[in-house]
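Since the structure comes first, as structure tokens, the remarks are kept for the end.
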Amino acid sequence: MIRTGVFQLMRFGVVGVAATLVYAGLVAVFFAMEMAPFAANALGFAIAFLVSAAGHVMWTFAVKSGRIAATARFFVVALGGFAVSNAVLGGWLAASGPGGAAAALALAVIAVPAATFLASRYWAFAASSS
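Structure below.
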């Protein structure tokens with residue numbers, strides 16, 4: 001059981017890194033195209049979500065049935081993670097000023113994926129995983 005959880009966590013990390021690279025690459029391209037920053041961010045998030053959801057449904061959690069419902073629940077988890085990371089960044093910057101951005105991002109980079117994994121494993125994909 002522990003071994004399965006470790007491998008699942010590793011797969012979650014691989015999928016997350018892939019989605020993050022897609023997001024960063026697309027946002028860079030969108031910025032180069034002079035797209036508005038919020039539009040670039042939203043479109044990059046949406047496309048990276050599709051990469052992440054596909055990877056988690058097919059590989060990380062190996063969803064056998066109820067893929068649409070699991071993906072919808074994962075969308076709620078992903079939006080929650082996005083909101084929390086922005087709240088952490090905003091709160092930290094309000095408290096510490098612009099010099100605290102690196103610390104806020106470091107906290108978000110550690111806390112949000114951990115919470116996302118737990119919410120994904122025990123809620124979003126729990127009922128439909130093998």
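Sequential numbering of the sequence shown, starting at 1, is according to the working numbering. Idealized CB from N, CA, C, for every residue including glycine. No experiment lies behind these values; they were computed from the predicted model shown.
Contact under 9 Å by Cβ, Ala70 with Ser128: Here residue 70 refers to the residue found at position 70 of the sequence shown. Here residue 128 refers to the residue found at position 128 of the sequence shown. Yes.
Bridge-paired residues (DSSP) for Val27: As a working mapping, residue 27 is identified with position 27 in the sequence shown. Per DSSP, none; premise fails for Val27.
Ala124 beta carbon less than 9 Å from that of Val76: Working through the sequence shown from its first residue, we reach residue 76 at position 76. Working through the sequence shown from its first residue, we reach residue 124 at position 124. Their beta carbons are under 9 Å apart, which means Val76 touches Ala124 by this criterion.
Unbroken alpha helix (DSSP H) run spanning Trp92, endpoints: Residue 92 sits at position 92 when you count from the first residue of the sequence shown. Residues Arg67 to Ser96.
Pairwise C-alpha distance: Ala114 and Met35: For the purposes of this step, residue 35 is taken as residue 35 along the sequence shown, with counting starting at 1. For the purposes of this step, residue 114 is taken as residue 114 along the sequence shown, with counting starting at 1. Cα-Cα distance, rounded: 31 Å.
Residue environment, Phe12, which counts as buried when at least 16 other CB atoms sit within 10 Å: Your numbering for residue 12 matches position 12 in the sequence shown. The residue in question, Phe12, is buried, as its Cβ has 16 or more Cβ neighbours within 10 Å.
Bridge partner(s) assigned by DSSP for Val17: Locating residue 17 in the sequence shown gives position 17, counting from the first residue. Answer by DSSP bridge pairing: none, since Val17 is not bridged.
Val63, enclosing alpha helix (DSSP H) - first and last residue: Walking along the sequence shown from the start, residue 63 turns up at place 63. No alpha helix (DSSP H) contains Val63, which DSSP labels as neither H nor E.
First through last residue of the alpha helix (DSSP H) which encompasses Phe45: Residue numbering aside, residue 45 sits at position 45 when the sequence shown is read from its first letter. Phe45 -> alpha helix (DSSP H) spans Pro37 to Gly55.
3-residue-minimum beta strand (DSSP E) runs that sit fully inside the segment 97 to 121, ordered along the chain: none
Best match in Leu9, Leu50, Met33 and Gln8 for proximity to Leu21 [C-alpha to C-alpha]: By 1-based counting over the sequence shown, the position of residue 21 is 21. It is Leu50.
Assigned secondary structure, Met10 (DSSP; H/G/I helix, E/B strand, else coil): On the sequence shown, residue 10 is found 10 positions in, with the first residue counted as 1. Correct three-state label for Met10: helix.
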